[in-house]
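Read in order, the letters of the sequence shown correspond to residues 19 to 280 in my numbering. Each residue gets a CB set at the ideal place from its N, CA and C atoms; glycine is no exception. All values derive from a computational prediction rather than experimental measurement. To start, the structure itself, in structure tokens.
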Amino acid sequence: MDIFSLEFSSFLEDSNICYHMENESLFYLNKGMLCIKLVPLEDYSIIHYTPDFTGRYIILHQDRWVDRRDIVKSIIMGLSGKNRVIYARNTILEKINRDVAAQFHSTHHLIGYTKAKFNYGLRDVSDKSLLAVSSFSSSRKMLRSGRYVNSYEWVRYTSALGFRVVGGMSKMLSLFLKEQNVEEVMTYCDADWSNGKSYESMGFSLESKTGEIEYFIDKLTYQRTSLKKIRRDEKFNSPDLFKHNGYLLRTQGNLKFIASFE
């Protein structure tokens, strides 16, 4: 068993999460309803696709395990029923500023923070600690069925490490819809991590798939950088970039969901 599989299995055992392992890379949890496929660095040049699976299927690349381990652990703990559960009705919903949202997403979200115009937070009623944050973009005019509608992107939803806020997503979305002239909301989820069922439960429909996305993984920091961004920077246009400095990662891309609120 390689070090990646050893570390991951040790985490499951230390967390009292029962699992069944196949081929040292497939881990079945929750009585087989959650499958996690480990992808080591040496297999990055191959796109690993989500197969037909009745439960939740996660493709966990080794750089995420190294660079964002606490967040990965929290996600898996949550899916295994090990995180603390708080109901949204027992939280305080408020607007928060960009700096607070940025810090929260950077600390608790697998991808981190990206710019957004509208930010909302859910706080614990007792200690006022921030439990979840949603961020939305400014509006764009999108042509739909021969007319333009006010479309927004739901940029991020993030819950605090170790917590699951039941009803948190719908509570923050509802306030956003009340405060803005929203006719449409679109959002994306990482196809390696999610099938988007949580969005479908709120009335969103799968609209499209982005197709594969390529990243450069730094060998020293294990941080991801979009290959498109790197190719725009002339100093990185070297054939030896990946050979000496990092790895090329190819992922499935994202799933795009849209909901209409006319």
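In whole angstroms, give me the CA-to-CA distance for residue i and residue j.
i: His127; j: Leu161; result: 32 Å
i: Gly264; j: Leu193; result: 43 Å
i: Arg203; j: Ser169; result: Contrary to the premise, residue 203 reads as Val rather than Arg in this sequence. Each residue's alpha carbon lies about 6 Å from the other.
i: Lys146; j: Ile89; result: 22 Å
i: Ser28; j: Asn34; result: 10 Å
i: Trp172; j: Ser157; result: 11 Å
i: Leu52; j: Ala120; result: 30 Å
Does the Cβ of residue i have 16 or more other Cβ atoms within 10 Å, making it buried, or fewer, making it exposed?
i: Asn101; result: buried
i: Ile64; result: exposed
i: Tyr138; result: buried
i: Ile110; result: exposed
i: Met19; result: exposed
i: Leu148; result: buried
By DSSP, does residue i sit in helix, in strand, or in coil?
i: Leu179; result: coil
i: Asp210; result: coil
i: Phe122; result: helix
i: Ser153; result: strand
i: Asp142; result: strand
i: Ser82; result: The amino acid at residue 82 is misidentified as Ser; the sequence shows Arg. Helix at Arg82.
i: Asp236; result: strand
i: Ala277; result: strand
i: Glu230; result: coil
i: Val90; result: helix
I'd like to check one pair, residue j with residue i: are the Cβ atoms closer than 8 Å?
i: Leu140; j: Gly186; result: yes
i: Val183; j: Ala209; result: no
i: Tyr206; j: Leu273; result: yes
i: Tyr233; j: Leu267; result: yes
i: Arg74; j: Leu97; result: yes
i: Phe154; j: Ala134; result: yes
i: Glu201; j: Glu112; result: no
message = Taking 8 Å as the cut-off, does the stretch 36-56 touch the stretch 173-188 (at least 3 CB pairs, one atom from each stretch)?
response = no
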